[in-house]
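Engineer:
Protein chains: 2
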Amino acid sequence: MARGSTRPTSRDVAQVAGVSQAAVSLVLGDKWRGRVSETTAERVREAARDLGYRPNLAARNLRLGRTRTVLLVVPALTTEFFAGVYTGAARVAAEHGFGVVLYPSPEGIGPARDPFASAQAALDGVIASSMAADALTAIRGDQLPLVMLDSDPEGSLGAATVNLDIADGVRQVAEHLLALGHRRFLHLAADIPSWTFEVRARELAARVGSVAGTSVRTTRAPISIEGALTAAGAALSAPGPRPTALVCDDDKLAAGAYKAARRLGLRIPEDVSITGLDDLALATALDPELTTVRLDAELFGEHGMRALLAVLDGRVPEEGDIPVELVVRGSTAPPSGP
Amino acid sequence: MARGSTRPTSRDVAQVAGVSQAAVSLVLGDKWRGRVSETTAERVREAARDLGYRPNLAARNLRLGRTRTVLLVVPALTTEFFAGVYTGAARVAAEHGFGVVLYPSPEGIGPARDPFASAQAALDGVIASSMAADALTAIRGDQLPLVMLDSDPEGSLGAATVNLDIADGVRQVAEHLLALGHRRFLHLAADIPSWTFEVRARELAARVGSVAGTSVRTTRAPISIEGALTAAGAALSAPGPRPTALVCDDDKLAAGAYKAARRLGLRIPEDVSITGLDDLALATALDPELTTVRLDAELFGEHGMRALLAVLDGRVPEEGDIPVELVVRGSTAPPSGP
DNA sequence: CGATGGAAGTTATACGTAAAACGTGAGGGT
DNA sequence: ACCCTCACGTTTTACGTATAACTTCCATCG
Chain A
0 MARGSTRPTS RDVAQVAGVS QAAVSLVLGD KWRGRVSETT AERVREAARD
50 LGYRPNLAAR NLRLGRTRTV LLVVPALTTE FFAGVYTGAA RVAAEHGFGV
100 VLYPSPEGIG PARDPFASAQ AALDGVIASS MAADALTAIR GDQLPLVMLD
150 SDPEGSLGAA TVNLDIADGV RQVAEHLLAL GHRRFLHLAA DIPSWTFEVR
200 ARELAARVGS VAGTSVRTTR APISIEGALT AAGAALSAPG PRPTALVCDD
250 DKLAAGAYKA ARRLGLRIPE DVSITGLDDL ALATALDPEL TTVRLDAELF
300 GEHGMRALLA VLDGRVPEEG DIPVELVVRG STAPPSGP
Chain B
0 MARGSTRPTS RDVAQVAGVS QAAVSLVLGD KWRGRVSETT AERVREAARD
50 LGYRPNLAAR NLRLGRTRTV LLVVPALTTE FFAGVYTGAA RVAAEHGFGV
100 VLYPSPEGIG PARDPFASAQ AALDGVIASS MAADALTAIR GDQLPLVMLD
150 SDPEGSLGAA TVNLDIADGV RQVAEHLLAL GHRRFLHLAA DIPSWTFEVR
200 ARELAARVGS VAGTSVRTTR APISIEGALT AAGAALSAPG PRPTALVCDD
250 DKLAAGAYKA ARRLGLRIPE DVSITGLDDL ALATALDPEL TTVRLDAELF
300 GEHGMRALLA VLDGRVPEEG DIPVELVVRG STAPPSGP
């Protein structure tokens, strides 16, 4: 009988089943073919069930030198998007017997200088969003296998990268708006220094710039409805001809832009077309519904996890960006004025 | 010198510093007052720094018999709300040297029967949303300290509970609408069986029922914009006098109700007043902005974590529901018709 | 018939840490 | 001269698991 209060160990199970601790480990670890008889194995399983035995993971991790736990670093969890990334990553991880631990970066979680302090679990590897760049130096200090999400393939110092094809999404937005006849663009950009936002700016400038008689102005805002509201409001009421198309770096910015436009008495899409990027629930809650680029956050998370598993396996992760899709809704139309 | 590739251990540090492993443990564990001289301690710290030593958490957890890791079980992470709960819980946890591991319940994460399979880290305790009820039986199997979020204080079998004062929020909504003159109510309810939604229904019926000449109809919908759209559409176009106030169990349902109302040509708030509950970013993105009950998700998470820490400490968690606040915006107004 | 080998286990050990138990020499009090 | 205490360590052990190495028994084979 086990000592009343503490959790039963494999030794307790062994004693009940009348075998050695090693036999318990073999049976429960499914390594017993040709080592233990079926009848004995069943006896062990029964004893384990009766005692409610659960292996001590700390001991297992220590013994095996690995934890089957992975860290996901995200800029903040307060957005649907990274929640989706986590969900996808955790799903794939579970399929492979892995767990995922989150590290929402400092601004969300307070002054935790050490990403690993919050994850008491030891780690086998790390998946990190490039938006959480501030945490990266700490991460690189450890020599853990690393997969970067939406990061510059050149600048990641050999870490594997998994990227959404944001450039293609922006290209689709630009072509859509150009085809509608828009010529004066306003780019409502996120004020976070990150490769994924640089790509948006670069691609938009390239596509729009390839057509004669076009212009792109840029204004930056923090990623929040309020921040976008003030920035877009200022930009839309600036002197000179008003832009007819407002390309936003993400859906939240677009939501702010809606409000700014309304306050100025502008109709969407008649007076100004607006586009977003993400396709959050927000996008269809807006009126008119938002034309935006759909990013499959869960798929993104799944790819990230698969890439990390490949690295851990000594394999080379698959190449190739994850496709994205323009979703045309009611917020874009041909410009009305000249 | 340590064997090239593997991580340095406390023994490696000891060798470099010219002391025993025990001394390293004492110094780095901050238990050395009067046991090790300041100069030796400094030498140990320096060696640790040089080697980039990080304690093996699996070994520490095994030795100490606790992990300083806690599991947060949520129905899904794809909502701002539970992301906020996590953020708050993780912040408090970090202040106490704890980590938080997430278990988004099965529907989100696939067929993971065992909540602990996804969290390879061993656990000291569990915080669980009552919405993830399906995972609860598995959790109760283990005798881990448990804190329930928004759960029936009577029915939780002795587990500590931390609740938002939802009843008060619904009361405020009801009084607000009654004061505006509304008499015919439609309750757009979530179709999830959970105490937190039962409270909404009970309190609304109680408050509205206390006034003569009032009525409350109820229709249920899954918590999504699309689900609410169809349910609310059907209810609003049902025969008989149309409700003038639509009380929704949360903001997403309210967003669906907006669309349903618009499709029927109803103006908000002139033809129908709508209220939500949560105060997500969504609420201010809608037009008109949504009158709703603000729940402080992060504070909720913080309280949950503090309660668990109290339980782990053998203390009794503080009592008392977390206050909520009605935020009146543009979606509610006096009814226009008779 | 002795050797071979497979089945069915057991024994022993290592993983890295924390901390209890155990020196050890110097200084101080009586 | 003796014991005590204190400062400064070291030696040893236990945590629970996985697995390599070893034992034992029995059947088969050349």
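Residue numbers (numbering that gives the first Met the number 0), protein chains in the order written: chain A, 0 to 337; chain B, 0 to 337.
Glycine is no exception: its CB is placed at the ideal position from the N, C-alpha and C atoms.
Just so it is clear, the structure is predicted and the values come from calculations on it, not from any experiment.
In whole angstroms, what is the alpha-carbon distance linking B/Ser19 and B/Asp11?
Structural biologist: In a straight line, the C-alpha of B/Ser19 is about 10 Å away from that of B/Asp11.
Engineer: Grab me the residues of B/Val172's own chain with a C-beta within less than 7 Å of its C-beta, minus the 5 sequence neighbours each way, in chain order.
Structural biologist: Excluding residues within five positions, the ones whose Cβ falls inside 7 Å are Val246, Thr274, Val292, Leu325.
Engineer: Check distances from the C-beta atoms of the region 223–243 of chain A to those of chain B and list, in chain order, the residues that come in under 9 Å.
Structural biologist: Residues Ser223, Ile224, Glu225.
Engineer: Unbroken beta strand (DSSP E) runs of length 3 or more, entirely within the region 188–233 of chain A: which are they?
Structural biologist: The qualifying runs are 214–220.
Engineer: Roughly how many angstroms lie between the CA atoms of B/Arg199 and B/Arg216, to the nearest whole one?
Structural biologist: So the alpha carbons of these two residues sit roughly 13 Å apart.
Engineer: Mark A/Thr38 as exposed unless 16 or more other C-beta atoms lie within 10 angstroms of its C-beta, in which case mark it buried.
Structural biologist: Its Cβ having fewer than 16 others within 10 Å, A/Thr38 is exposed.
Engineer: According to DSSP, simplified to helix, strand and coil, what is B/Asp29?
Structural biologist: Coil at B/Asp29, not helix or strand.
Engineer: Let me confirm a value: B/Gly300 is counted as buried when at least 16 other C-beta atoms fall within 10 Å, else exposed. Which label applies?
Structural biologist: Its Cβ being crowded by 16 or more others within 10 Å, B/Gly300 is buried.
Engineer: Give me, in chain order, the residues of the same chain whose beta-carbon lies closer than 6 Å to that of B/Gly232; leave out the 5 immediate sequence neighbours on both sides.
Structural biologist: The residues are Ala259.
Engineer: Quick one: Cα of A/Arg241 to Cα of A/Ala234, how far?
Structural biologist: So the two alpha carbons sit approximately 9 Å from each other.
Engineer: Between B/Gly255, B/Leu298, B/Asp248, which has its C-alpha nearest B/Asp277's C-alpha?
Structural biologist: Answer by Cα proximity: B/Asp248.
Engineer: Short of 7 Å in beta carbon distance, which residues of its chain neighbour B/Ala166, apart from the five on each side in sequence? Order them along the chain.
Structural biologist: Answer for B/Ala166: Val198, Glu202, listed in chain order.
Engineer: Can you give the Cα-Cα distance for B/Gly226 and B/Asp250, rounded to whole angstroms?
Structural biologist: The alpha-carbon atoms of B/Gly226 and B/Asp250 are separated by roughly 13 Å.
Engineer: In chain B, which residues lie less than 8 Å from A/Asn162 when you measure between Cβ atoms?
Structural biologist: What A/Asn162 touches in chain B: nothing, since even the nearest Cβ is about 22 Å away.
Engineer: If you draw a straight line from the alpha carbon of B/Leu56 to that of A/Ala253, how long is it in whole angstroms?
Structural biologist: Approximately 44 Å, taken between the alpha carbons.
Engineer: In whole angstroms, what separates the C-alpha of A/Val23 from that of A/Asp164?
Structural biologist: If I take the Cα positions, the gap works out to 49 Å.
Engineer: Under 8 Å by Cβ, that's how I've got B/Ser330 and B/Pro238 pegged, so tell me the actual separation to the nearest angstrom.
Structural biologist: Not really, about 25 Å apart at Cβ, beyond 8 Å.
Engineer: Using a Cβ-Cβ cutoff of less than 8 Å, which residues in the same chain neighbour B/Ala220 once the five nearest sequence positions on both sides are dropped?
Structural biologist: The answer, listed in chain order, is Leu187, Ala188, Ala189, Asp190, Gly226, Ala227, Thr229, Ala230, Ala231, Leu252, Gly255.
Engineer: Given this structure, state the Cα-to-Cα distance separating A/Pro334 from A/Leu307, to the nearest angstrom.
Structural biologist: Using only the alpha carbons, I get a separation of about 46 Å.
Engineer: Where B/Ser193 and A/Ala158 are concerned, what is the direct C-alpha to C-alpha distance, given to the nearest angstrom?
Structural biologist: Looking at the two C-alpha atoms, the distance is approximately 44 Å.
Engineer: Going by CA-CA distance only, name the one from B/Pro54, B/Gly51, B/Arg183 that's closest to B/Thr243.
Structural biologist: Of the listed residues, the one whose Cα sits closest to B/Thr243 is B/Arg183.
Engineer: Rounding to the nearest angstrom, what Cα-Cα distance links A/Ser209 and A/Ala178 in this structure?
Structural biologist: In a straight line, the C-alpha of A/Ser209 is about 13 Å away from that of A/Ala178.
Engineer: In chain order, what residues of the same chain lie with their CB nearer than 6 Å to the CB of A/Leu185, ignoring the 5 residues before and after it?
Structural biologist: Closer than 6 Å at the Cβ level, and outside the excluded window around A/Leu185, lie Arg216, Ala234, Pro242, Leu245.
Engineer: Since B/Thr283 meets chain A, which of its residues come closer than 7 Å, beta carbon to beta carbon?
Structural biologist: Within 7 Å Cβ-Cβ: Ile224.
Engineer: Run down chain A in chain order and give the residues with a C-beta less than 7 Å from the C-beta of B/Ala254.
Structural biologist: What B/Ala254 touches in chain A: Ala284.
Engineer: Quick check: what's the CA-CA separation for B/Thr5 versus B/Pro54?
Structural biologist: The alpha-carbon atoms of B/Thr5 and B/Pro54 are separated by roughly 13 Å.
Engineer: Show which residues of chain A have a CB atom less than 8 Å away from the CB atom of B/Ala47.
Structural biologist: Per Cβ cutoff of 8 Å: no residues; B/Ala47 is ~13 Å from chain A at best.
Engineer: Return yes when at least one heavy atom of the ligand NAP lies under 8 Å from the C-beta of B/Asp190, else no.
Structural biologist: In the structure on display, the ligand NAP does not appear, and there are no ligands present to speak of.
Engineer: Leaving out five residues before and five after A/Asp320 in sequence, what residues of the same chain have Cβ atoms less than 6 Å from its Cβ?
Structural biologist: Contacts found: Asn162, Asp164.
Engineer: Checking the sheet assignment: what are the DSSP bridge partners for B/Ile165?
Structural biologist: None; B/Ile165 has no bridge partner.
Engineer: Any C-beta of chain B sitting closer than 9 Å to the C-beta of A/Arg261?
Structural biologist: Yes, contact with chain B.
Engineer: Whole-angstrom Cβ separation of A/Ala16 and A/Val43, contact assumed at under 8 Å?
Structural biologist: Indeed, because the Cβ distance is near 5 Å, the residues count as touching under 8 Å.
Engineer: Please confirm whether B/Tyr52 has its beta-carbon closer than 9 Å to some beta-carbon of chain A.
Structural biologist: Judged by the 9 Å Cβ criterion, B/Tyr52 is not in contact with chain A.
Engineer: Mind listing the chain B neighbours of A/Ala88? Cutoff is C-beta to C-beta under 8 Å, in chain order.
Structural biologist: Neighbours of A/Ala88 on chain B: none; closest Cβ ~10 Å, over 8 Å.
Engineer: List, in order along the chain, the chain B residues whose C-beta lies closer than 7 Å to that of A/Lys30?
Structural biologist: Chain B residues near A/Lys30: none, gap ~19 Å exceeds 7 Å.
Engineer: Alpha helix (DSSP H) containing A/Glu37: first to last residue?
Structural biologist: Looking at the DSSP string, the run of the alpha helix (DSSP H) that includes A/Glu37 is 37–50.
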